[in-house]
Amino acid sequence: MASSSRYVCAWAGTLRVAFAIDDVQEVLAPRPVTRLFHAPPALLGVIGLRGEILPVVDLGALLHGGAPRPSEGPDERLLVLRVALDGAAASAQSGGAATKLTSFAVRVARLDPLRDAGDHGLEPLPPGVPELAARVARGMVTSPSPALLVLDPAKMVAIEELAALR
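Note that this note's numbering has the sequence shown beginning at 1473, numbered continuously upward.
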């Protein structure tokens, strides 16, 4: 779990979301995504990045439960996230190794400026956060305003809706 108080901020549909800066490997401009047959609805497909094949998740569709849109517009970006798989997921993927790093990308509608939460820690989620968003969240950053839903890439990989990422 990342311990940074700095966050990469973005929009996923109508939700303001953030990832700890330590979880974000890089930010990419939009690029063509190769579709996959029989993929979960929120999995747009895959991209090639310097010889690595990365799954691409439509974050707005995942958190809101809808179908992915063809494009989020000119401000759309792909955030490449790095996550450590451990336990059974890593063993199944790497033939017995205890921990394995994996990467995937999430498509967001647009980025907001980086947020430094300073000494303010994560707060619990308020009522009304969509159910799936609550399952993949670490908590909320409320100061400075506006509030942001901080997402956990490891929890995202663990949910059944994105089992194809494991």
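We treat Cβ as the ideally placed atom computed from N, Cα and C, and that holds for glycine. Since the model is a prediction, treat every value here as computed from it, not as a measurement.
Between which two residues does the alpha helix (DSSP H) holding residue i run?
i            : result
residue 1524 : Not the alpha helix (DSSP H): residue 1524 falls in the beta strand (DSSP E), residues 1524-1530.
residue 1607 : 1603-1607
residue 1630 : 1625-1630
Measure the alpha-carbon distance for residue i versus residue j and round it to whole angstroms.
i            : j            : result
residue 1493 : residue 1478 : 6 Å
residue 1483 : residue 1615 : 18 Å
residue 1633 : residue 1555 : 17 Å
residue 1581 : residue 1629 : 21 Å
residue 1635 : residue 1591 : 35 Å
residue 1620 : residue 1572 : 29 Å
residue 1501 : residue 1548 : 7 Å
residue 1596 : residue 1488 : 16 Å
residue 1622 : residue 1495 : 11 Å
Put residue i into one of helix, strand or coil per three-state DSSP.
i            : result
residue 1519 : strand
residue 1597 : coil
residue 1591 : coil
residue 1637 : helix
residue 1501 : coil
State yes or no: is the C-beta of residue i within less than 8 Å of the C-beta of residue j?
i            : j            : result
residue 1508 : residue 1515 : yes
residue 1586 : residue 1491 : no
residue 1525 : residue 1503 : no
residue 1540 : residue 1512 : no
residue 1602 : residue 1531 : no
residue 1553 : residue 1575 : yes
Mind checking which residues open and close the beta strand (DSSP E) that includes residue i?
i            : result
residue 1575 : 1571-1580
Determine the closest residue to residue i out of the options, with distance taken between C-alpha atoms.
i            : options                   : result
residue 1610 : 1575, 1533, 1481 and 1627 : 1627
residue 1537 : 1481, 1496 and 1604       : 1604
residue 1607 : 1497, 1506 and 1624       : 1624
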